[in-house]
Structure formats: C-alpha cells, structure tokens
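**Q** In the numbering used here, the protein residues as written are 1 to 337. Glycine is no exception: its CB is placed at the ideal position from the N, C-alpha and C atoms. Small disclaimer: the values here were computed from a predicted structure and weren't measured. My questions all concern the structure below.
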Ligand code: NAD
Ligand code: UD1
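Here it is in structure tokens:
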C-alpha cells in the first residue's frame with residue numbers, strides 16, 4: 001500500500017516525506033513542479049537513503065490522477081499541492097481558485113472513484129480571519145480576507161460537506177500556523193520564487209546578503225515591542241504532525257479541523273534579534289507602515305492536536321532559526337546550483 005503525497009517536492013511536503021520514509025512508508029509524490037524542483041528528490045535520497053516514486057502531474061488533470069490511482073494501491077493521500085502567495089492571490093485570483101479549489105475537487109473526485117477516503121489536507125490559520133482573539137481554537141468562527149484564504153476556507157467547507165455525505169471519509173484538516181526552519185542536514189528547506197513575502201525567508205536572505213534590508217510592517221501594535229506576533233513552528237514538528245494525523249485517521253470521524261502550532265507567540269523584532277545572534281550577521285531593518293490584512297497577534301490553542309493526535313511541537317525558536325540559517329547559508333540560491 002502506498003501514500004500519495006500531492007505537492008511532495010515543496011517545502012512542507014519534502015520534510016513530511018523524509019519523516020514518512022523513516023517509517024518505511026511507500027511514497028508516491030505527484031507534483032507539477034510549479035514551485036519546486038526535482039533536486040529535492042536527490043536531497044531526500046541523500047538524507048534517508050531511500051527513494052520515492054515521483055510523478056510529474058497536475059492535480060487539475062483528472063486523467064493523470066486517475067492513472068496514478070489505477071496503477072497503484074493507494075491507501076491515503078496527504079494533499080499539500082497548492083499556490084500559497086497571499087499578494088499574488090489578490091492579483092490573479094482565478095488562478096488560485098482554479099488551482100487550489102478546482103484542483104482539490106478533482107483530486108477528491110478521483111479519490112472517491114477509487115474508494116480512497118483517507119485524507120490529510122493542508123489548511124491554514126488564515127481561516128480564522130481577523131476577528132478572533134488568540135489563542136485561536138477550532139471552535140471559533142472562520143472567515144477569509146484574501147483569495148488565498150478563501151481557497152483554504154472553501155476547500156475546508158467542501159470537505160465538511162463531503163464527510164457529511166459519506167461517513168466512510170476520515171479527514172484531518174491541519175490548520176498550520178507559521179512554518180519556518182529546515183531539516184537539520186541543511187539539505188532541504190524553503191526557497192520562495194522571487195522576493196519572499198513571509199518574514200523568515202526575507203530575514204534569511206538579508207542575512208545572507210541577497211536582500212539589502214528588512215521592512216518591518218508596523219511597530220505600533222499592542223504587543224510586547226509594537227511589532228506583529230505570530231506562532232512560528234518548526235517544519236519538522238509540522239511534518240511529524242502529519243505523521244501522527246495519518247496514524248490517527250482511523251479514529252477521526254468525518255472532517256476534523258486541527259491547529260498545528262506551538263501555542264507561543266514571537267514578535268518580528270524578537271525574530272530579527274535571535275537571527276542576528278545565531279547567524280552573527282547584521283540584519284538592517286526599517287520600520288514602515290502596517291501591511292494591509294495583518295493583525296497584531298496570532299497564536300494557536302494546540303490542545304486538540306495534543307489530545308487527538310498525541311502531538312506536541314518540541315523544537316524551540318533557537319532550533320528553528322539555527323536550522324533556517326544552516327539551510328540558507330549552505331544554499332544561498334536555494335536548489336539552484
Ligand atoms: P510549496 O509551494 O513549497 O509546495 C507546494 C507544492 O505544490 C509545490 O511543490 C508546487 O510545485 C506544487 N503544486 C502547486 N500547484 C500544483 C498543482 N496544480 N498540481 C500539482 N502540484 C502543484 O508550499 P508549502 O509551503 O510546502 O505549502 C504546502 C501547502 O501548505 C500549501 O497548500 C499551502 O497553501 C499550505 N500552507 C502553507 C503555509 C506556509 O506558510 N508555508 C501555511 C499554511 C498552509
Ligand atoms: C501571512 C499571510 C497569511 C498566510 C501566512 C503563511 C498576509 C496578510 N498573511 O501570514 O495569509 O497564511 O503568511 O503563508 O500576507 N513581516 C514584516 N516584514 C516582512 C514580512 C513580514 O514585518 O517583510 C511581519 C508581518 O507583518 C507579521 C510577521 O512578520 O507580523 C509574519 O509575517 P508572515 O511571515 O508574512 O506571516 P503572517 O503574517 O502570519
């Protein structure tokens with residue numbers, strides 16, 4: 001029996017594949033390589049000494065997915081594939097709805113056709129919108145403030161309806177907080193195309209000299225030092241959350257949203273100062289106005305993940321930033337040589 005990992009050559013997917021290979025799982029990755037590279041496959045092999053089956057396929061293509069399910073004995077799917085840049089989603093919303101929503105529906109149709117009804121879906125804390133007060137828990141109302149967030153919310157709602165319509169489905173909707181860090185080998189990590197939108201890849205690229213200085217989006221929030229507070233989680237802890245979710249899928253009835261965060265908040269300036277200490281590099285920054293759509297403080301109540309999945313994040317901020325820096329300094333151009 002195999003696991004199908006859509007988006008498995010991406011940032012979170014590749015780290016999850018490494019953890020699954022350690023457990024001797026048989027893995028098939030389906031990815032269209034729109035935001036990743038096959039070099040990742042060599043790196044996964046180097047870390048684990050194990051190989052995966054890679055199929056270049058688009059989740060929007062029913063026939064390609066159908067062929068994968070025809071030719072393999074797939075027991076469950078972890079669905080990472082998707083576009084994830086919030087700013088870009090405002091500029092080309094139709095691409096986001098097509099790729100993230102229509103693509104996911106196509107995947108679920110193929111799964112249903114082949115009677116594969118176990119799924120772990122990559123959702124996001126973005127579904128909590130801007131009106132809830134942290135710690136955020138799964139019972140709070142959801143909303144979206146940009147097309148990217150809409151796509152996550154729409155897919156979650158599709159999955160709730162699907163699970164209601166057919167009790168054989170077991171679905172874990174993992175709501176990630178802010179994944180950062182990299183594998184401690186320094187062989188895989190995050191390398192966004194173009195100028196990064198998210199804080200950590202931006203800071204890392206300033207430290208390594210690719211970018212001149214960080215812009216800190218606002219220092220007048222009601223937080224410890226006025227800058228935004230987020231729940232950063234090590235990508236390996238997040239990967240292990242997927243392993244636990246897969247193992248517990250049989251105990252999950254219907255579609256279960258689950259926060260994957262540490263429960264701790266860290267400010268932008270705390271990140272900058274820790275990064276400076278660990279890397280020994282200067283991180284010049286200027287304070288600029290707040291970014292539209294940002295809120296002051298976001299962190300998780302992670303008790304559902306603790307209780308239901310028997311999962312807890314164990315890697316602290318020092319480890320997250322040490323691993324980010326190792327990856328960035330060893331691979332200043334990401335997976336390009
Ligand atoms: P990523 O871009 O590194 O990985 C996504 C992978 O999906 C890439 O390899 C890309 O090539 C592939 N892909 C995209 N569209 C595809 C399609 N139509 N068919 C096949 N493959 C396709 O992103 P990531 O950070 O690893 O994120 C994985 C998932 O987690 C995404 O769904 C993302 O929205 C979600 N998520 C990410 C974050 C984050 O901060 N990184 C936070 C919350 C949720
Ligand atoms: C952003 C997205 C969110 C998405 C998440 C993970 C927005 C409004 N929100 O969330 O929908 O789910 O990424 O992909 O884009 N910061 C700076 N300077 C920078 C970059 C960020 O000061 O150059 C600050 C932000 O204001 C924030 C913190 O750093 O306070 C973290 O930002 P980021 O990494 O973009 O994550 P989120 O804001 O949580």
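(1) Could you please give the first and the last residue of the uninterrupted alpha helix (DSSP H) stretch that includes residue 176?
(2) Please classify residue 256 as buried or exposed, where buried requires at least 16 other C-beta atoms within 10 Å of its C-beta.
(3) Which partner residues does residue 136 have in the DSSP bridge list?
(4) Below 8 angstroms on the Cβ atoms is my contact criterion, and I expect residue 265 with residue 299 to pass it. Report the Cβ-Cβ distance as a whole number of Å.
(5) My understanding is that residue 159 touches residue 121, with C-beta atoms under 8 angstroms, so please give their C-beta distance in whole angstroms.
(6) State the CB to CB distance for the pair residue 268 and residue 216, rounded to an integer number of angstroms; the pair is presumed to be in contact (CB under 8 angstroms).
(7) What residue range is occupied by the uninterrupted beta strand (DSSP E) comprising residue 56?
(8) Are the CB atoms of residue 175 and residue 125 nearer to each other than 8 angstroms?
(9) Quick check on the burial criterion: 16 or more other C-beta atoms within 10 angstroms. Buried or exposed for residue 1?
(10) Bridge partners of residue 180, per DSSP?
(11) Please list the segments of the beta strand (DSSP E) lying wholly inside the segment 58–130, counting only runs of 3 or more residues, in order along the chain.
(12) Sort 183, 290, 246, 130 by Cα distance to residue 25 and report the nearest one.
(13) Return the CA-CA distance between residue 63 and residue 118, expressed in angstroms with no decimal places.
(14) Using a Cβ-Cβ cutoff of less than 7 angstroms, which residues in the same chain neighbour residue 334 once the five nearest sequence positions on both sides are dropped?
(15) Quick one: what's got a C-beta closer than 6 angstroms to residue 312's C-beta in the same chain, skipping five residues either side?
(16) Candidates 280, 324, 308: which alpha carbon is nearest residue 232's?
(17) Pick out whichever of 136, 207, 248 has its Cα sitting closest to the Cα of residue 170.
(18) Quick check: residue 9 and residue 29, are their CB atoms within less than 8 angstroms of each other?
(19) Between residue 294 and the ligand UD1, is the CB less than 7 angstroms from at least one heavy atom?
(20) Three or more C-beta pairs closer than 8 angstroms, one from the segment 269–284 and one from the segment 197–214: is that the case here?
(21) Do residue 182 and residue 327 have their beta-carbon atoms positioned less than 8 angstroms apart in this structure?
(22) Taking residue 269 as part of the alpha helix (DSSP H), name the residues at either end of that continuous run.
(23) Tell me, which residues are paired with residue 31 by DSSP?
(24) Output needed for residue 66: all residues of its chain with C-beta closer than 6 angstroms, excluding positions within five of it in sequence on either side, in chain order.
(25) Just list the beta strand (DSSP E) runs in the segment 192–251, keeping only unbroken ones of 3 residues or longer that don't cross its boundaries, in chain order.
(26) Between which two residues does the alpha helix (DSSP H) holding residue 162 run?
(27) At which residues does the alpha helix (DSSP H) containing residue 328 begin and terminate?
**A** Inspection of the coordinates gives the following:
(1) Here the question's residue 176 lines up with position 176 in the chain shown. No alpha helix (DSSP H) holds residue 176; the beta strand (DSSP E) holding it covers 170–176.
(2) For the purposes of this step, residue 256 is taken as residue 256 along the chain shown, with counting starting at 1. Buried is the call here.
(3) Residue numbering aside, residue 136 sits at position 136 when the chain shown is read from its first letter. Answer is 300, bridged to residue 136.
(4) Stepping through the chain shown from its first residue, residue 265 is reached at position 265. Stepping through the chain shown from its first residue, residue 299 is reached at position 299. About 4 angstroms; that satisfies the 8 angstroms criterion.
(5) In the chain shown, counting from the first residue as 1, residue 159 sits at position 159. In the chain shown, counting from the first residue as 1, residue 121 sits at position 121. That pair is a contact at about 6 angstroms.
(6) Sequence index remark: in the chain shown, residue 268 carries index 268 (1-based). Sequence index remark: in the chain shown, residue 216 carries index 216 (1-based). Sure, about 5 angstroms apart at Cβ, within 8 angstroms.
(7) Counting from one through the chain shown, the residue named residue 56 turns up at place 56. It spans 53–56 - the beta strand (DSSP E) in which residue 56 sits, taken as one unbroken run.
(8) As a first step, residue 175 is located in the chain shown; it is residue number 175 there, counting from the start. As a first step, residue 125 is located in the chain shown; it is residue number 125 there, counting from the start. Cβ distance < 8 angstroms, so residue 175 and residue 125 count as in contact.
(9) Working through the chain shown from its first residue, we reach residue 1 at position 1. Under this definition residue 1 is an exposed residue.
(10) Reading the chain shown from its first residue, position 180 is the one you call residue 180. Beta-bridge pairing links residue 180 to 234.
(11) 74–79, 118–124
(12) Counting from 1 along the chain shown, the entry for residue 25 is found at position 25. Residue 25 has its Cα closest to that of 246, out of 183, 290, 246, 130.
(13) For the purposes of this step, residue 63 is taken as the residue at position 63 of the chain shown. For the purposes of this step, residue 118 is taken as the residue at position 118 of the chain shown. Looking at the two C-alpha atoms, the distance is approximately 21 angstroms.
(14) If you number the chain shown from 1, residue 334 lands on position 334. Taken in chain order, the residues that qualify are 191.
(15) The residue you call residue 312 lines up with position 312 of the chain shown. 306, listed in sequence order.
(16) Position 232 of the chain shown, counted from the first residue, corresponds to residue 232. Of the listed residues, the one whose Cα sits closest to residue 232 is 324.
(17) On the chain shown, residue 170 is found 170 positions in, with the first residue counted as 1. The shortest C-alpha separation from residue 170 is found at 248.
(18) Looking up residue 9 in the chain shown gives position 9. Looking up residue 29 in the chain shown gives position 29. In contact: residue 9 and residue 29 (Cβ atoms closer than 8 angstroms).
(19) Residue numbering aside, residue 294 sits at position 294 when the chain shown is read from its first letter. Yes, since a heavy atom of the ligand UD1 falls inside the 7 angstroms radius drawn around the Cβ of residue 294.
(20) yes
(21) Start at 1 with the first residue of the chain shown, and residue 327 comes out as number 327. Start at 1 with the first residue of the chain shown, and residue 182 comes out as number 182. For residue 327 and residue 182, yes; Cβs fall inside 8 angstroms.
(22) The residue you call residue 269 lines up with position 269 of the chain shown. 268–279 is the extent of the alpha helix (DSSP H) around residue 269.
(23) Position 31 of the chain shown, counted from the start, is the residue given in the question as residue 31. Per DSSP, 56.
(24) To locate residue 66, count along the chain shown from 1; it is residue 66. Same-chain partners within the cutoff: 110.
(25) 214–217, 232–234
(26) For this step, residue 162 is matched to residue 162 along the chain shown. Run containing residue 162: 147–165, per the alpha helix (DSSP H) assignment.
(27) Indexing the chain shown from 1 puts residue 328 at position 328. That run of the alpha helix (DSSP H) goes 317–330.
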